[in-house]
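*Asks:* Below you'll find the structure I mean.
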Amino acid sequence: MEHTIGIVLAGVHDWDESGLERMGPRPLLPVLREPLICGALHWLRQAGLRRVVICANSGSRAVRRAIGDGRALGLDVEYYEDWTPRGPAGCVRDAALAVGAERVLVAEGTAWPDGDPRPLLAAHVESGVSLTVAATEDRAATLDGATVLAPVGSYVVEWTVLEYVPATGYQDFKEVLLPRLHERGVATMAYRVARPGPRPTDLDRYRALNAWVLGRRLRAAPAPGYRRVGACEIHETAEVADTARLLGPVLIGPRTRIGAEALVVGPTVLGDGGTVEAGAVICESVLWNDCGVGARALVEACVLGHGAAVGRGDHMHGTVIVPGPKTAPGMSAGAQGAWRRMWRRGREVVGGRPAASRRPATAGARASSQAGVVSAPSA
117 MEHTIGIVLA
127 GVHDWDESGL
137 ERMGPRPLLP
147 VLREPLICGA
157 LHWLRQAGLR
167 RVVICANSGS
177 RAVRRAIGDG
187 RALGLDVEYY
197 EDWTPRGPAG
207 CVRDAALAVG
217 AERVLVAEGT
227 AWPDGDPRPL
237 LAAHVESGVS
247 LTVAATEDRA
257 ATLDGATVLA
267 PVGSYVVEWT
277 VLEYVPATGY
287 QDFKEVLLPR
297 LHERGVATMA
307 YRVARPGPRP
317 TDLDRYRALN
327 AWVLGRRLRA
337 APAPGYRRVG
347 ACEIHETAEV
357 ADTARLLGPV
367 LIGPRTRIGA
377 EALVVGPTVL
387 GDGGTVEAGA
397 VICESVLWND
407 CGVGARALVE
417 ACVLGHGAAV
427 GRGDHMHGTV
437 IVPGPKTAPG
447 MSAGAQGAWR
457 RMWRRGREVV
467 GGRPAASRRP
477 ATAGARASSQ
487 AGVVSAPSA
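Taken in order, the sequence shown gives residues 117 to 495; the numbers are from my numbering.
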């Protein structure tokens, strides 16, 4: 039986109608050009672990394609697919038993863990308890004047706990397993952390997460292939016009081109292969790969999905922008059809309101005034 392994909970369930759920599985949302789930994987790697099991359901294939065997991250990654669903505690039980682990360090794949995991592991081992819950103070709640702690989604679990998790049904840590352990007199412990890791549950929190990770990155040495210019990190293959202005913090990915007199105001992340034409302004936004922003356009507090475009002179604020149904080069005919169907669904109902009740934000795009989703026209 292996001593300690990591488990990442990456099950995908419906979000609120924020618009981001139209973009793909939540664990794969790009954060500084890396899938969100990499935050949990880096955290487990920092704990000194090498073997990690990713528990996923409907997004399993996409996560497997993105992460692979984990070698690029210095990990040995395996996968456990949960189709029931089993819930967090149920998934941990099933995955831990499948690989024969004595102890597991659990992280959520839909949040970016904060802090060093090594003190958490050390405190758990020293205490001798069977389950440790990482928790933070819930300032919005009190119990008879006492501080209430809320779990942040990270746990250390001994194999002896698994016998208290049934082999079937939905099993949660907070609502099901912890009360059961307390009833049986099993020793548990809360390990207080300063704050929970950022969780991108809507557009604003997703942008804030990218800004937070970018700030941490800029406090370290530049990544390989990048150069640091003030509070900006620019890939060596990117092209920035002499008259363009970058007001950091800004990250510019490979092969991205910034035109003359363009202005990029941080915190902003530009992915791979994008184009920002002359005079365009981008402010506090996240652009994925192969995005285009036309001349004199304004993009403020937005998220642009892979291949999305904003037309010349268009003004976009607080929106999630996805490409039109024909802007998916290189896809097979079947994939193109699936993309068109997804695009139509995302266009028809966003935030629970029919598309007919919305007014277009500009002549070149259809916008949701409530949920902030724009379907840009085909290039």
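Idealized CB from N, CA, C, for every residue including glycine.
Please specify which runs of the alpha helix (DSSP H), each continuous and at least 4 residues long, are wholly inside the segment 253 to 333, giving them in chain order.
*Replies:* Fully enclosed alpha helix (DSSP H) runs of 4 or longer: 294 to 300.
*Asks:* According to DSSP, which residues form a beta bridge with Arg373?
*Replies:* DSSP lists Glu355 and Thr391 as partners of Arg373.
*Asks:* Looking at the unbroken beta strand (DSSP E) that takes in Asp210, where does it start and where does it end?
*Replies:* Element bounds for Asp210: not the beta strand (DSSP E) but the alpha helix (DSSP H), Gly203 to Val215.
*Asks:* Based on Cα-Cα distance, which residue from Arg209, Arg138, Ile170 and Thr391 lies nearest to Val124?
*Replies:* Of Arg209, Arg138, Ile170 and Thr391, the residue nearest in Cα terms is Ile170.
*Asks:* How many Å lie between Asp318 and Val436 at the Cα?
*Replies:* Taking the straight line joining both Cα atoms gives about 10 Å.
*Asks:* May I ask you to report which of helix, strand or coil DSSP gives Glu242?
*Replies:* Glu242: helix per DSSP, three-state reduction.
*Asks:* Using a Cβ-Cβ cut-off of 8 Å (strictly less than) and excluding sequence neighbours within five positions of Asp288, which residues of its own chain qualify?
*Replies:* Only Gly203, Pro204 and Ala205 meet the Cβ criterion.
*Asks:* When DSSP labels each residue in this structure, what does Arg166 get in the three-state scheme?
*Replies:* Arg166: coil per DSSP, three-state reduction.
*Asks:* So the candidates are Ser401, Arg412 and Ala182; which of them puts its Cα closest to the Cα of Gly395?
*Replies:* Considering only alpha carbons, the answer is Arg412.
*Asks:* My understanding is that Tyr307 touches Thr248, with C-beta atoms under 8 Å, so please give their C-beta distance in whole angstroms.
*Replies:* At roughly 5 Å, the Cβ-Cβ gap stays under 8 Å, so Tyr307 and Thr248 are in contact.
*Asks:* What residue range does the alpha helix (DSSP H) around Arg361 cover?
*Replies:* No alpha helix (DSSP H) holds Arg361; the beta strand (DSSP E) holding it covers Arg361 to Leu363.
*Asks:* Exposed or buried, what is Thr263 when buried is set at 16 or more other beta-carbons lying within 10 Å of its beta-carbon?
*Replies:* Looking at its Cβ environment, which holds fewer than 16 other Cβ atoms inside 10 Å, Thr263 is exposed.
*Asks:* So what does Ile123 bridge to, in DSSP terms?
*Replies:* The partner list for Ile123 (beta bridge, DSSP) reads Val169 and Val222.
*Asks:* Can Arg361 and Gly389 be called in contact, C-beta distance under 7 Å?
*Replies:* Contact flag unset, no.
*Asks:* For Leu230, tell me which candidate among Thr276, Trp275, Val273 and Leu157 has the shortest Cα-Cα distance.
*Replies:* The question names Leu, but residue 230 is Asp in the sequence shown. Comparing Cα positions, the closest option is Leu157.
*Asks:* How would you call Glu218, buried or exposed, if buried means at least 16 neighbouring beta carbons within 10 angstroms?
*Replies:* The residue in question, Glu218, is exposed, as its Cβ has fewer than 16 Cβ neighbours within 10 Å.
*Asks:* Do Ala425 and the ligand PLP come close, with the Cβ less than 6 Å from some heavy atom?
*Replies:* The ligand PLP is not part of the structure shown, which contains no ligands of any sort.
*Asks:* According to DSSP, is Leu399 part of a helix, a strand, or is it coil?
*Replies:* Per the sequence shown, residue 399 should be read as Cys rather than Leu. Strand.
*Asks:* What three-state label does DSSP hand Ala188 in the structure shown?
*Replies:* Here Ala188 sits in helix by DSSP.
*Asks:* Tell me which residues share the same chain as Trp199 and place their Cβ nearer than 7 Å to its Cβ, disregarding the 5 neighbours each side in the sequence.
*Replies:* Result list for Trp199: Asn173, in chain order.
*Asks:* Provide the residue span of the beta strand (DSSP E) that contains Arg149, from first to last.
*Replies:* Looking at the DSSP string, Arg149 is not in any beta strand (DSSP E), and its letter there is neither H nor E.
*Asks:* Drop a sphere of 10 angstroms on the beta-carbon of Arg373, count the other beta-carbons inside from all chains shown, and report buried for 16 or more, exposed for fewer.
*Replies:* Buried, by the Cβ-count rule.
*Asks:* Contact between the segment 139 to 148 and the segment 329 to 347 is defined here as three or more beta-carbon pairs at a separation below 8 Å; is this criterion met?
*Replies:* Taking 8 Å as the limit for Cβ pairs, the verdict is that the segment 329 to 347 does touch the segment 139 to 148.
*Asks:* Which residue's Cα is closest to the Cα of Gly313: Met305, Ala324, Ala303 and Thr304?
*Replies:* Here the closest residue by C-alpha is Ala324.
*Asks:* Leaving out the 5 sequence neighbours to the left and right, which residues in its chain are closer than 6 Å to Pro267 when beta-carbon positions are compared?
*Replies:* Same-chain partners within the cutoff: Val249, Ala251 and Lys290.
*Asks:* Taking the continuous alpha helix (DSSP H) assigned at Arg180, which residues delimit it?
*Replies:* Counting along the chain, the alpha helix (DSSP H) containing Arg180 begins and ends at Ser176 to Ile183.
*Asks:* Per the DSSP calculation, Gly408 is bridged to which residue(s)?
*Replies:* DSSP lists Thr391 and Ala425 as partners of Gly408.
*Asks:* Take Leu363 as the anchor and find which of Val345, Ala354 and Gly375 has the nearest alpha-carbon.
*Replies:* When only C-alpha atoms are compared, the closest one is Val345.
*Asks:* Are the CB atoms of Gly122 and Val168 nearer to each other than 7 Å?
*Replies:* Against a cut-off of 7 Å, the Cβ pair of Val168 and Gly122 comes out as a contact.
*Asks:* Checking 7 Å against the spacing of the C-beta atoms, do His431 and Leu414 come in under that value?
*Replies:* Against a cut-off of 7 Å, the Cβ pair of Leu414 and His431 comes out as a contact.
*Asks:* Quick check: what's the CA-CA separation for Gly184 versus Leu191?
*Replies:* Whole-angstrom Cα-Cα distance: 10 Å.
*Asks:* Opposite Cys348 in the DSSP bridges: which residues?
*Replies:* DSSP output for Cys348 lists Val345 and Val366 as bridge partner(s).
*Asks:* Check Leu145 in the structure and name its three-state DSSP category.
*Replies:* If DSSP states are grouped into helix, strand and coil, Leu145 belongs with coil.
*Asks:* DSSP beta-bridge partners for Thr384?
*Replies:* For Thr384, which the question treats as bridged, DSSP gives the partners Val366.
*Asks:* By how many angstroms is the C-alpha of Ala283 removed from the C-alpha of Leu221?
*Replies:* The straight-line gap from Cα to Cα measures roughly 20 Å.
*Asks:* Would you decide whether His422 is buried or exposed? Buried here means 16 or more other CB atoms lie within 10 Å of its CB.
*Replies:* With 16 or more other Cβ atoms within 10 Å, it is buried.
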